[in-house]
Structures are given as C-alpha cells and as structure tokens.
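Just so you know, the UniProt record's numbering puts 408 at position 406 of the sequence shown, and the rest follows in order with no gaps.
Here the structure comes first, spelled out in structure tokens, and everything after it is commentary.
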Amino acid sequence: NTAYEAWLNYGQLKSGSLYNQYIDWCVELVVTEDNETIQAAAAEFIQGMTSMLGKAPLLTAKPEGPCIVIGTFQGGNPLISRVFAGERTDSLGPEGFLIRTNATEQCIAVGASTPVGILYGVFHLLRLIGTESEIDALNLSMSPVNGLRMINHWDNFDGSIERGYAGRSFFYESNQFLNDTKRLRDYARLMSSVGINAISINNVNVHELESLFITEQYLPDIALIAGIFRVYGIKLFLSANFASPIQIGALETADPLDPAVRQWWKDKAGEVYRVIPDFGGFVVKADSENRPGPFTYGRDHADGANMLGEALEPFGGIVIWRCFVYNCKQDWRDRKTDRARAAYDHFKPLDGRFNDNVVLQIKNGPMDFQVREPVSPLFGALEHTNHLMEFQIAQEYTGQQRHLCYLVPQWKEVLDFNTYAKGQTTLVKHIVDGSVWGNKYNGVAAVTNVGDDMNWTGHGLAQANLYGYGRLIWNPELTAKEIAEEWIRLTFGTDKGLVVAIRGMLMDSWRIYESYTAPLGVGWMVNPDHHYGPNVDGCEYAKWGTYHYADHKGIGVDRSVKSGTGYSGQYMGLNASNYENLASCPEELLLFFHHVPYTHVLQSGQTVIQHIYDTHFEGAEQAAQLLATWESLEGSMDSGLYVQVKQRLEEQAEHAQEWRDRINTYFYRKSGIEDLKGRKIY
Ligand code: BDP
Numbered sequence: 003n004t005a006y007e008a009w010l011n012y013g014q015l016k017s018g019s020l021y022n023q024y025i026d027w028c029v030e031l032v033v034t035e036d037n038e039t040i041q042a043a044a045a046e047f048i049q050g051m052t053s054m055l056g057k058a059p060l061l062t063a064k065p066e067g068p069c070i071v072i073g074t075f076q077g078g079n080p081l082i083s084r085v086f087a088g089e090r091t092d093s094l095g096p097e098g099f100l101i102r103t104n105a106t107e108q109c110i111a112v113g114a115s116t117p118v119g120i121l122y123g124v125f126h127l128l129r130l131i132g133t134e135s136e137i138d139a140l141n142l143s144m145s146p147v148n149g150l151r152m153i154n155h156w157d158n159f160d161g162s163i164e165r166g167y168a169g170r171s172f173f174y175e176s177n178q179f180l181n182d183t184k185r186l187r188d189y190a191r192l193m194s195s196v197g198i199n200a201i202s203i204n205n206v207n208v209h210e211l212e213s214l215f216i217t218e219q220y221l222p223d224i225a226l227i228a229g230i231f232r233v234y235g236i237k238l239f240l241s242a243n244f245a246s247p248i249q250i251g252a253l254e255t256a257d258p259l260d261p262a263v264r265q266w267w268k269d270k271a272g273e274v275y276r277v278i279p280d281f282g283g284f285v286v287k288a289d290s291e292n293r294p295g296p297f298t299y300g301r302d303h304a305d306g307a308n309m310l311g312e313a314l315e316p317f318g319g320i321v322i323w324r325c326f327v328y329n330c331k332q333d334w335r336d337r338k339t340d341r342a343r344a345a346y347d348h349f350k351p352l353d354g355r356f357n358d359n360v361v362l363q364i365k366n367g368p369m370d371f372q373v374r375e376p377v378s379p380l381f382g383a384l385e386h387t388n389h390l391m392e393f394q395i396a397q398e399y400t401g402q403q404r405h406l407c408y409l410v411p412q413w414k415e416v417l418d419f420n421t422y423a424k425g426q427t428t429l430v431k432h433i434v435d436g437s438v439w440g441n442k443y444n445g446v447a448a449v450t451n452v453g454d455d456m457n458w459t460g461h462g463l464a465q466a467n468l469y470g471y472g473r474l475i476w477n478p479e480l481t482a483k484e485i486a487e488e489w490i491r492l493t494f495g496t497d498k499g500l501v502v503a504i505r506g507m508l509m510d511s512w513r514i515y516e517s518y519t520a521p522l523g524v525g526w527m528v529n530p531d532h533h534y535g536p537n538v539d540g541c542e543y544a545k546w547g548t549y550h551y552a553d554h555k556g557i558g559v560d561r562s563v564k565s566g567t568g569y570s571g572q573y574m575g576l577n578a579s580n581y582e583n584l585a586s587c588p589e590e591l592l593l594f595f596h597h598v599p600y601t602h603v604l605q606s607g608q609t610v611i612q613h614i615y616d617t618h619f620e621g622a623e624q625a626a627q628l629l630a631t632w633e634s635l636e637g638s639m640d641s642g643l644y645v646q647v648k649q650r651l652e653e654q655a656e657h658a659q660e661w662r663d664r665i666n667t668y669f670y671r672k673s674g675i676e677d678l679k680g681r682k683i684y
C-alpha cells in the first residue's frame with residue numbers, strides 16, 4: 003500500500019449486517035444517460051463497490067430487482083422520474099443532489115439537476131458505505147455551501163513546486179507537460195470526491211516560460227488537462243502574468259488603461275476560449291513580492307483587475323485577484339509601517355470599484371499562513387466586492403509535511419470568527435459563502451499540498467488536510483472531528499481503536515505544533531527563505547515586515563491604535579476594542595497585538611516567560627507522545643503506510659526538541675529569568 007488511492011482506496015468491508023445490507027441493495031446499477039460525467043460516476047460506483055464488497059454490481063438500463071439508480075431529473079430515466087416525482091428540486095442548485103431509499107420502487111436513487119450533481123451524489127453514497135453507515139432509509143438533500151471550491155497549485159513549469167513538500171509537479175517536468183493522464187484522472191477523482199470544482203495549475207509567481215501557457219504553443223496541453231478535469235466537474239484556471247503583453251506580446255507597456263493593452267488581453271481571452279470553451283479564468287498576483295502590476299503605470303488594483311475582467315467577461319470567465327499585497331522592502335526600524343495592515347490598506351478603499359466578474363482572494367490572516375494569526379480584517383470590510391478566502395493546505399509554516407499538523411481546526415476557527423460587520427453576528431463563513439452580501443462569486447481557495455510523491459502529500463497523514471479542506475468548504479458546519487473520523491475510516495478502515503487513536507493525534511496536532519514553535523501568536527521564528535525549523539531572529543532584521551521585536555525586556559508587536567501601528571483599528575465592533583486592550587486581547591494572540599515585558603502575567607497566573615518555557619517543554623513531550631501513540635498501532639494497518647508515517651513522527655519528535663531548546667535558550671539568555679520548575683535550559 004503506497005496510499006496512492008488515499009481515501010478512495012475502497013477497502014474491503016467485513017461481513018456483517020451492514021455488509022449484507024449493501025450486498026442486497028447493490029445487485030444492479032441503473033444508468034440510462036450517456037453523459038461522460040454520469041458515466042464516470044457509474045464507473046466510480048462499480049469500482050468502489052466491487053472493491054468494498056468483493057462483488058461487482060451489474061450495470062443495466064432496466065433493473066430486475068433491488069438496485070441503485072442514478073440520473074438527472076430531466077434525463078428521462080422512468081425510475082428517477084417516479085422516485086423524485088413531486089419533489090422540490092429548484093433549491094438544490096446546479097451542484098446539489100438528493101439520495102432516497104425507496105422501498106416501493108426497490109431502489110436507492112441518486113438524483114440531481116446536472117451530471118456533476120450525480121457525481122457528487124455517487125461519491126457521497128460511496129462515502130456512506132465506506133464509513134459503514136446505514137443505507138436502508140436514506141433521505142438526503144445536499145448542496146455545497148460555497149460557490150467556488152478551489153485548489154491553487156504553485157507548480158512551476160520546470161517541475162519544482164514553490165512550497166511543495168511532496169515531491170515534484172505531476173503536471174510538468176523540465177519545461178514540458180507530462181500528460182500523465184492516469185495520474186491526472188486519479189487526481190481529478192480525489193478532488194471531485196470532496197467537491198472541488200476549480201483548480202489553477204500553475205504558480206502565482208508566473209515566470210517567463212509559464213507566461214507562454216496562454217499561447218498556441220501550450221494551449222493544447224492545457225486543454226488536455228482541462229478535458230480530464232471537466233469530466234469531474236472541475237474548471238481549469240491559470241495564473242497569469244500581468245506583464246504578459248510585454249513578455250509574450252509585442253507591446254511595450256502593460257498599462258491597464260492603454261487601449262492596445264486592453265485589446266491584447268481581449269484577443270488573448272478569445273484564443274484561450276477557442277481551445278478551452280469552459281476555461282475558468284485567471285488568478286493574478288500583482289504588485290506583490292516583485293511581481294509586475296498596475297502600480298508601474300500609476301494605476302491601481304481595480305484598474306488592473308477590471309481590464310482582465312473585461313477581457314474574460316464575454317466568455318463567462320472570472321479574474322481572481324489576490325490581496326496578498328504588501329511592501330517587501332520595508333525598514334524594521336520604522337514601527338509605523340506594519341505588514342499586517344497592508345491588505346486592508348490597499349483594498350478597502352477600492353471596495354465597490356471592481357467589475358462583477360472580479361473576485362478578490364484574501365489570505366485567512368493578515369500576514370502569511372502562520373500557525374496562529376488573527377482573521378484578516380478584510381473579511382467584513384468589503385461590502386461591494388466578490389471575494390474568496392485563501393487557506394494554505396501546504397504546511398509552509400506548520401511543519402512542511404514533516405510534522406503532523408491537522409489544519410481543519412484552524413480553518414474552522416477562521417470560518418466561525420464573528421466580524422460584527424452587519425449586526426451582532428456576522429460570521430466569516432457567511433461572508434465567504436456570499437450570503438451576507440449576496441455576492442455573485444464566493445467561496446474558498448487553498449494552496450495545495452500535493453506533488454508526485456506516491457502518496458500525493460509526502461506525510462501520509464497530511465492527506466487528512468487535503469480531504470478535510472474539501473469537506474469543510476463543501477459544508478462548513480461539519481466539525482473538524484467528524485471530518486477527521488470520516489477520513490480515517492475511509493483511509494484506514496473502521497476499527498474503533500484505530501479510529502479513536504488517529505483521530506486524537508490529528509485533533510491535538512495543531513495545538514502541539516503551536517506550543518513548541520512560536521509563542522502567543524507572535525509567529526515567524528523560522529529560518530528565512532525555506533521557512534523550516536527554528537530561528538528566532540532569522541527574519542527579524544530583514545525587510546519583509548515579519549517582526550517580533552524581542553529584546554532583553556520584552557517581546558511582541560504593538561499593533562494598538564493608541565501606541566502602536568494602528569492595525570487593531572481595522573477591525574469592527576468588539577473585535578477592535580478586544581484586540582486594542584491588553585486586558586481583553588485573546589491570549590493566543592497576545593504578542594501579535596501587544597509588546598509586553600517577559601514578566602507580564604497571563605490569565606493563568608503565569609508570566610509570559612514561564613508560559614514560553616512551559617509550552618515548549620510540554621509541546622516537545624506531546625510530539626514524542628504522538629510517536630508513541632502511532633507505535634501502539636503497529637500491526638493494525640498496512641505496514642508500508644505505518645513505517646512511512648512513523649519515520650515522519652520520529653523526525654517531528656526530534657525536531658520538536660530542537661525547537662524547544664532553541665526558543666527556550668534564546669529567551670532565557672535574553673531575559674535572564676530562571677525557569678520556575680528548574681528544568682535545564684542552556
Ligand atoms: C508566501 C510564500 C511565497 C508565495 C507567497 C504568495 O512564502 O512562496 O509566493 O506566499 O502567497 O507564503 O504569493
């Protein structure tokens with residue numbers, strides 16, 4: 003077992019009452035529509051059931067007994083028409099589905115308005131069976147909560163992946179398309195099974211060669227990938243280089259208000275859509291970290307994004323414009339410039355100026371995917387602009403898939419955050435899903451964690467983040483624990499002890515990682531450039547704006563309005579005052595918002611310095627405990643997977659000690675304050 007099949011491995015189920023139930027219902031599979039997506043759904047169902055039950059359902063158009071039937075409401079299948087007669091289906095939307103067990107008709111029916119709804123329904127039925135749920139009386143109606151459920155690849159044409167920790171790209175190698183159709187299809191299956199409907203396949207940092215993706219030289223290769231994705235309900239997007247008119251066109255400017263530039267992009271869009279009629283659109287990182295953008299021409303982000311929007315509009319495409327924009331050349335001595343402020347300062351004043359088909363993409367926090375950050379204050383501040391949440395599934399700052407860090411609990415906290423934007427309760431998840439302001443485009447995107455490693459994600463348990471991301475954004479009401487449990491059951495089987503043990507490991511892992519790394523929300527104590535491993539001052543005197551201001555007296559960034567950078571003033575209602583005041587600031591974010599002496603006393607009664615010592619000792623112990631728990635599972639799963647994960651956990655346990663020692667030693671030497679518990683700090 004290489005874990006290549008991941009949560010679609012369809013492990014053989016044990017015989018028992020549920021097994022018999024499944025066998026009884028799944029004698030035949032009834033399909034009458036020859037649409038390629040419905041055919042893919044049928045093939046998936048047959049593959050899954052054959053593998054789980056050891057018996058293939060018979061594919062037929064006319065059932066003779068108990069059966070599973072799948073079909074669209076208007077697709078002409080008489081059985082579907084009878085089962086769903088009189089049902090209200092308009093609120094399901096284009097991607098929703100119904101599943102009904104109908105005793106009279108002797109069938110379990112999966113119905114939807116569209117083929118992709120059928121596909122999602124079939125994946126759901128397979129998930130129910132794979133997690134050993136009753137199917138005798140199903141009466142389900144499901145639709146995704148978020149419109150766009152997107153994956154961003156940071157793959158480069160040379161085969162490397164920016165912030166990739168699971169091998170190389172499976173799209174490209176050495177500036178060529180790999181066209182590995184089997185892997186691409188399996189990838190599309192995995193993504194579609196958790197509801198992903200949009201994927202951008204190249205890095206947001208678009209290099210010169212990748213700018214050529216939108217030319218006739220490469221469009222056929224891209225069309226091949228788009229064709230595979232299409233069957234699984236996934237739209238293909240490309241990251242675009244704002245300077246393309248210069249780089250690959252013959253223009254001397256990329257000024258978004260220049261008529262020749264605008265025409266160039268319109269023609270370009272036409273060329274792309276001729277080859278890929280359902281192309282999703284462009285993802286753009288502009289005027290950020292040395293990428294080109296409208297600033298060069300004295301224009302703003304709205305000018306830039308709207309130009310692209312106008313070009314894509316006639317074809318139904320959209321522009322996803324990233325808000326990760328800040329000055330990466332700032333001066334650490336100037337405490338008035340605060341990187342945390344940047345996204346809001348840039349984009350809030352532009353609210354209302356973007357075209358209908360422009361969607362802003364906002365990182366979950368104001369900095370950059372740290373283990374702990376406050377929620378970006380842009381959520382709640384953009385009343386008149388489509389926008390998406392951006393998460394990072396890749397564990398750039400959370401252990402790079404060498405450490406275990408199940409991120410769904412973090413994402414849940416972000417989605418459940420109250421912004422106070424429109425009344426007393428305005429949760430981020432309702433802003434992001436478009437319901438607060440009725441945005442035409444809404445949803446979530448995330449930087450993915452996959453590569454060409456056999457198990458996709460490097461760390462076998464990092465698959466849980468990929469799975470969990472899709473499931474959570476399909477339905478943000480699912481709990482992190484439920485999602486973990488589903489994933490474990492589908493991946494490892496349903497043995498109770500195993501499920502409980504792995505679930506516990508996943509659920510504790512974020513907090514454990516946080517406790518042996520950067521304390522109290524301060525972030526950034528990593529090595530510069532590659533961002534792995536402890537280095538307290540590594541980023542401190544650099545230009546990137548990632549400071550903690552630790553000296554011999556204290557630590558933390560004063561972001562208050564009263565005496566600091568004013569960042570806390572970007573929040574609304576109670577959030578602004580809670581963050582502003584030391585006494586009310588949530589402690590996990592204390593050092594993000596305030597600079598305090600090491601002797602500052604926390605609610606626990608402990609000082610900040612003692613908290614640092616304690617959490618680092620505890621965190622390292624708990625990392626060792628993760629390994630011990632895993633070792634107790636030896637023999638209860640496939641040995642290949644067991645060994646692979648064990649090796650990573652060993653590395654984590656060892657590395658957590660390094661974190662502990664470096665961080666504690668640093669603060670001990672700086673502060674000169676002894677550990678109250680007398681533990682050894684060097
Ligand atoms: C940071 C990464 C960098 C990305 C950038 C981005 O370190 O590699 O290019 O984000 O999101 O997290 O554009």
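Heads up, the beta-carbon is just placed ideally off N, CA and C, and yes, glycines get one too.
Inset, instruction - Note the first and the last residue of the continuous alpha helix (DSSP H) segment covering S579. - result: Residue mapping note: residue 579 aligns to position 577 of the sequence shown, counting from 1. Residues 575-582.
Legend entry - Local conformation of A448 per DSSP, three classes: The count along the sequence shown starts at 1 and reaches residue 448 at position 446. Correct three-state label for A448: strand.
Inset, instruction - For K287, verify whether its CB is less than 7 Å away from any heavy atom of the ligand BDP. - result: Taking the sequence shown and counting its residues from 1, one reaches residue 287 at position 285. Because some heavy atom of the ligand BDP lies under 7 Å away, the Cβ of K287 counts as near it: yes.
Inset, instruction - Using a threshold of 8 Å, state whether the C-beta atoms of A225 and V277 are closer than that. - result: Sequence index remark: in the sequence shown, residue 225 carries index 223 (1-based). Sequence index remark: in the sequence shown, residue 277 carries index 275 (1-based). The answer is yes: Cβ separation under 8 Å.
Inset, instruction - Using alpha carbons as the reference points, say which of Y670, D358, A466 lies closest to G440. - result: On the sequence shown, position 438 is the one that residue 440 refers to. G440 has its Cα closest to that of D358, out of Y670, D358, A466.
Legend entry - P96 versus G197, L130, N177, residue with shortest Cα-Cα distance: One-based indexing of the sequence shown puts residue 96 at position 94. Closest by alpha carbon: G197.
Legend entry - Y299 and D257 closer than 8 Å at C-beta: Numbered from 1 along the sequence shown, position 297 holds the residue referred to as residue 299. Numbered from 1 along the sequence shown, position 255 holds the residue referred to as residue 257. It is a contact, given that the beta carbons lie within the stated cut-off.
Legend entry - Bounding residues of the alpha helix (DSSP H) (the contiguous stretch that carries F349): In the sequence shown, residue 349 corresponds to position 347, counting from 1. Note, F349: alpha helix (DSSP H), 344-349.
Legend entry - Distance cut-off 7 Å: V274 Cβ against heavy atoms of the ligand BDP: For the purposes of this step, residue 274 is identified with residue 272 of the sequence shown, where counting begins at 1. No - the ligand BDP has no heavy atom lying nearer than 7 Å to the Cβ of V274.
Legend entry - Contact set for R681: own chain, Cβ-Cβ below 8 Å, skip 5 residues either direction: Within the sequence shown, the letter at position 679 stands for residue 681. Excluding positions up to five away in sequence, the list reads Y615, F619.
Inset, instruction - Between the Cα of L259 and those of E210, V274, A313, G98, spot the shortest distance and give me the residue it belongs to. - result: Locating residue 259 in the sequence shown gives position 257, where the first residue counts as 1. When only C-alpha atoms are compared, the closest one is A313.
Inset, instruction - Flag this pair as yes or no: are the beta carbons of A84 and E107 separated by less than 8 Å? - result: Residue 84 sits at position 82 when you count from the first residue of the sequence shown. Residue 107 sits at position 105 when you count from the first residue of the sequence shown. Before going on, a small fix: residue 84 reads as Arg here, not Ala. A contact, by the Cβ cut-off of 8 Å.
Inset, instruction - Compute every distance between the C-beta of D370 and the non-hydrogen atoms of the ligand BDP, then say whether any falls below 7 Å. - result: To locate residue 370, count along the sequence shown from 1; it is residue 368. Yes, the Cβ of D370 comes within 7 Å of a heavy atom of the ligand BDP.
Legend entry - Member of I230, W266, L362, G113 whose CA lies at the smallest distance from the CA of T183: Residue 183 sits at position 181 when you count from the first residue of the sequence shown. It is I230 whose Cα lies nearest to the Cα of T183.
Legend entry - Among E392, K442, V438, the one whose alpha carbon lies nearest that of K424: For the purposes of this step, residue 424 is identified with residue 422 of the sequence shown, where counting begins at 1. Among E392, K442, V438, the Cα nearest to that of K424 belongs to V438.
Legend entry - N-terminal and C-terminal residue of the alpha helix (DSSP H) that A114 is part of: The sequence position of residue 114 within the sequence shown is 112, counting from 1. That residue, A114, is in no alpha helix (DSSP H); its beta strand (DSSP E) goes 109-114.
Inset, instruction - Please work out which residues of its chain come closer than 7 Å, Cβ to Cβ, to W27, disregarding the five sequence neighbours upstream and downstream, and give them in chain order. - result: For this step, residue 27 is matched to residue 25 along the sequence shown. Answer for W27: P68, I70, I110, I137, listed in chain order.
Legend entry - For T52, three-class secondary structure by DSSP: Here residue 52 corresponds to residue number 50 of the sequence shown, with the count starting at 1. In the structure shown, T52 sits in a helix (DSSP, three-state: H, G or I).
Inset, instruction - Using only the heavy atoms of the ligand BDP, determine whether one of them is closer than 7 Å to the beta carbon of V206. - result: As a position in the sequence shown, residue 206 is number 204, starting the count at 1. Indeed, a heavy atom of the ligand BDP lies less than 7 Å from the Cβ.
Inset, instruction - Flag R341 as yes when its Cβ comes closer than 7 Å to any non-hydrogen atom of the ligand ATP, and as no otherwise. - result: Looking for the ligand ATP in the displayed structure turns up nothing; the ligands present are the ligand BDP.
Legend entry - Those residues which DSSP pairs with R102 across a bridge: Numbered from 1 along the sequence shown, position 100 holds the residue referred to as residue 102. Its beta-bridge partners are A111, N141.
Legend entry - The beta strand (DSSP E) enclosing M152, as first and last residue numbers: Numbered from its first residue, the sequence shown carries residue 152 at position 150. Counting along the chain, the beta strand (DSSP E) containing M152 begins and ends at 150-154.
Legend entry - Cβ pair Y551, A342 closer than 8 Å: Position 549 of the sequence shown, counting from 1, holds the residue named residue 551. Position 340 of the sequence shown, counting from 1, holds the residue named residue 342. Cβ atoms of Y551 and A342: not closer than 8 Å.
Inset, instruction - Sort W476, G119, Q363, Y573 by Cα distance to T428 and report the nearest one. - result: For the purposes of this step, residue 428 is taken as the residue at position 426 of the sequence shown. Considering only alpha carbons, the answer is Y573.
Legend entry - Option in Q646, A345, E487, M309 with minimal Cα separation from P261: Counting from 1 along the sequence shown, the entry for residue 261 is found at position 259. Out of Q646, A345, E487, M309, M309 has the C-alpha closest to the C-alpha of P261.
Inset, instruction - Return yes when at least one heavy atom of the ligand BDP lies under 7 Å from the C-beta of F326, else no. - result: By one-based count along the sequence shown, residue 326 stands at place 324. Answer for F326: yes, Cβ within range of the ligand BDP.
Legend entry - Which of helix, strand or coil DSSP assigns to N334: Here residue 334 is taken as the residue at index 332 of the sequence shown, counted from 1. Looking at the sequence itself, residue 334 is Trp, so the reference to Asn does not match. Residue state, collapsed to three classes: coil.
Legend entry - Ranges of the alpha helix (DSSP H) found wholly within the segment 477-550, counting only runs of at least 4: 482-494, 498-518
Inset, instruction - State the DSSP-derived secondary structure class of V610, mapped to helix, strand or coil. - result: Numbered from its first residue, the sequence shown carries residue 610 at position 608. Note: V610 maps to helix in three-state DSSP.
Inset, instruction - Specify whether the segment 490-498 and the segment 366-385 touch according to this definition: at least 3 beta carbon pairs, one from each stretch, less than 8 Å apart. - result: no
Inset, instruction - Give the secondary structure of M309 by DSSP, where H, G and I count as helix, E and B as strand, and everything else as coil. - result: What you label residue 309 is simply residue 307 of the sequence shown in a count that begins at 1. In this structure, M309 counts as helix in the three-state DSSP scheme.
Inset, instruction - Please determine if the segment 323-342 and the segment 288-297 are in contact, where contact requires at least 3 C-beta pairs separated by less than 8 Å. - result: yes
Legend entry - Cβ distance (whole Å) where A304 is taken to contact Y346 below 8 Å: Here the question's residue 304 lines up with position 302 in the sequence shown. Here the question's residue 346 lines up with position 344 in the sequence shown. So it is not a contact: roughly 15 Å between Cβ atoms.
Inset, instruction - Take Y469 as the anchor and find which of L180, V410, R355 has the nearest alpha-carbon. - result: By 1-based counting over the sequence shown, the position of residue 469 is 467. The option with the nearest alpha carbon to Y469 is V410.
Inset, instruction - For the beta strand (DSSP E) containing M391, list its first residue and its last residue. - result: Taking the sequence shown and counting its residues from 1, one reaches residue 391 at position 389. 388-394 is the extent of the beta strand (DSSP E) around M391.
Inset, instruction - Name the residue from A625, F179, N141, P146 whose alpha carbon lies nearest to the alpha carbon of N158. - result: For this step, residue 158 is matched to residue 156 along the sequence shown. Per the Cα distances, F179.
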